[in-house]
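Asker:
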Amino acid sequence: MSDPYDGTERSLGQLVASATAEMSALVHDEIALAKAEIRQDVKRGAIGSAAGIAAAVVLLFSLPMLSFALAYAINTWTGGHNGHGGWNLVWCFLLSFALNVLIAGLLGMIAVAKFKKVKPPEKSIASAKKTAAIMQNAKPHPRPEPRPALDKASVVARSSV
1304 MSDPYDGTER
1314 SLGQLVASAT
1324 AEMSALVHDE
1334 IALAKAEIRQ
1344 DVKRGAIGSA
1354 AGIAAAVVLL
1364 FSLPMLSFAL
1374 AYAINTWTGG
1384 HNGHGGWNLV
1394 WCFLLSFALN
1404 VLIAGLLGMI
1414 AVAKFKKVKP
1424 PEKSIASAKK
1434 TAAIMQNAKP
1444 HPRPEPRPAL
1454 DKASVVARSS
1464 V
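Under the working numbering, the first residue of the sequence shown carries the number 1304, and numbering increases by one thereafter.
In structure tokens form, the structure reads like this:
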């Protein structure tokens, strides 16, 4: 039987350093995978956010200007410009408002559709769960029997002789 301390086997410190380096590399790779998956979802979320903000901006800032312009355009189109009456301006303004709400609703639906496409990083979660399961089932490597230590009393007795 060979001596376990003949230099061919790694020391406990070397094993711990190796395990630490491998665990660090594993965690680094899992973080890189999560970043890659999340990057795509962030892009979708950004597009959805931009569409939602655009919907709010259109609804907020276009209402006064577009409502007046559209209402007077409808009144003119229905004959109000030549003195024959045309539609009442109240109905023209209501129609203008309804058109603005319709545009904002369409932009809001685009935002909701983009947000629904955002999903969790499934590959990273699965990889992390697999790593956790492996780590829970890992058993320590059997250690060699330690060499019997000399008694201090016997060492002192030998040196005093």
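Heads up, the beta-carbon is just placed ideally off N, CA and C, and yes, glycines get one too. Note that the structure is a prediction, hence the values are computed from the model and not measured.
Let's see if you can read the secondary structure: which residues bound the alpha helix (DSSP H) around G1399?
Answerer: Residue identity differs from the one stated: residue 1399 is Ser in this sequence, not Gly. Taken as a continuous stretch (DSSP letters only), the alpha helix (DSSP H) holding S1399 covers 1392-1419.
Asker: Apart from the five residues just before and just after F1400, which ones in its own chain have a Cβ nearer than 8 Å to its Cβ?
Answerer: L1366, S1370.
Asker: Check whether the region 1349-1356 touches the region 1398-1415, taking contact to mean three or more Cβ pairs, one atom from each stretch, closer than 8 Å.
Answerer: At 8 Å Cβ cutoff, the stretches touch.
Asker: Please name the residue, chosen from L1397, L1329, K1346, N1403, that lies closest to F1255 on a Cα-to-Cα basis.
Answerer: Examination of residue 1255 is not possible in this model, given that the chain is present from 1304 through 1464 alone.
Asker: Taking the alpha-carbon positions, what's the A1431 to L1410 distance?
Answerer: Computed Cα separation, rounded: 37 Å.
Asker: If distances are taken between C-alpha atoms only, which option among I1341, S1314, S1327, S1321 comes closest to K1426?
Answerer: Answer by Cα proximity: I1341.
Asker: Counting only runs of 3+ residues fully inside the region 1350-1394, write out the beta strand (DSSP E) ranges in chain order.
Answerer: List check, beta strand (DSSP E) in window: nothing returned.
Asker: If you run the structure through DSSP and keep just helix, strand and coil, what is S1314?
Answerer: In the structure shown, S1314 sits in coil (DSSP, three-state: anything other than H, G, I, E or B).
Asker: Can you have a look at N1378 and say buried or exposed, based on whether 16 or more other CB atoms are within 10 angstroms of its CB?
Answerer: The residue is buried, with at least 16 neighbouring Cβ atoms inside 10 Å.
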